[in-house]
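K.L.:
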Amino acid sequence: MKEVIAFYPILIDGTITTIILTILSAILALVISFVVGLSRISKFKLVRILAIIYLEFFRGSSALVQMIFIYFVLPMWGIY
Numbered sequence: 193m194k195e196v197i198a199f200y201p202i203l204i205d206g207t208i209t210t211i212i213l214t215i216l217s218a219i220l221a222l223v224i225s226f227v228v229g230l231s232r233i234s235k236f237k238l239v240r241i242l243a244i245i246y247l248e249f250f251r252g253s254s255a256l257v258q259m260i261f262i263y264f265v266l267p268m269w270g271i272y
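According to the numbering used here, the stretch in the sequence shown is residues 193 to 272, in order.
(1) With a threshold of 7 angstroms (Cβ to nearest heavy atom), would Phe236 be considered close to the ligand PLP?
(2) In whole angstroms, what is the alpha-carbon distance linking Lys237 and Val227?
(3) Taking 8 angstroms as the threshold (C-beta atoms), are Leu247 and Arg232 in contact?
(4) Near Ala184, what residues of its chain come up, given a Cβ to Cβ distance below 6 angstroms and the 5 sequence neighbours on each side ignored?
(5) Return helix, strand or coil for Lys237, following the three-state DSSP convention.
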């Protein structure tokens with residue numbers, strides 16, 4: 193129990209950081225989904241096609257494949 197009490201401030205900081213990241217991620221996901229959803233019903237063909245490509249990529253691939261792509265491929269293209 194002493195170990196838990198000794199690390200209590202660090203655990204609280206980690207919990208607060210996790211809550212903040214969760215809220216910010218939810219807001220970012222809401223904004224992205226709103227923009228892509230509106231793009232999907234756009235009257236401009238190019239915008240619609242780009243939205244379809246984006247949606248099909250993220251729906252059609254697993255999260256593991258996406259993480260590997262982000263971790264290995266994007267740095268090869270100079271995107272860090």
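For every residue, glycine included, the Cβ atom is placed at its ideal position computed from N, Cα and C.
P.N.:
Let me lay it out:
(1) With respect to the ligand PLP, the structure offers nothing, as it holds no ligand at all.
(2) 15 angstroms
(3) yes
(4) As shown, the chain starts at 193 and ends at 272. That puts residue 184 outside it, with no answer to give.
(5) helix
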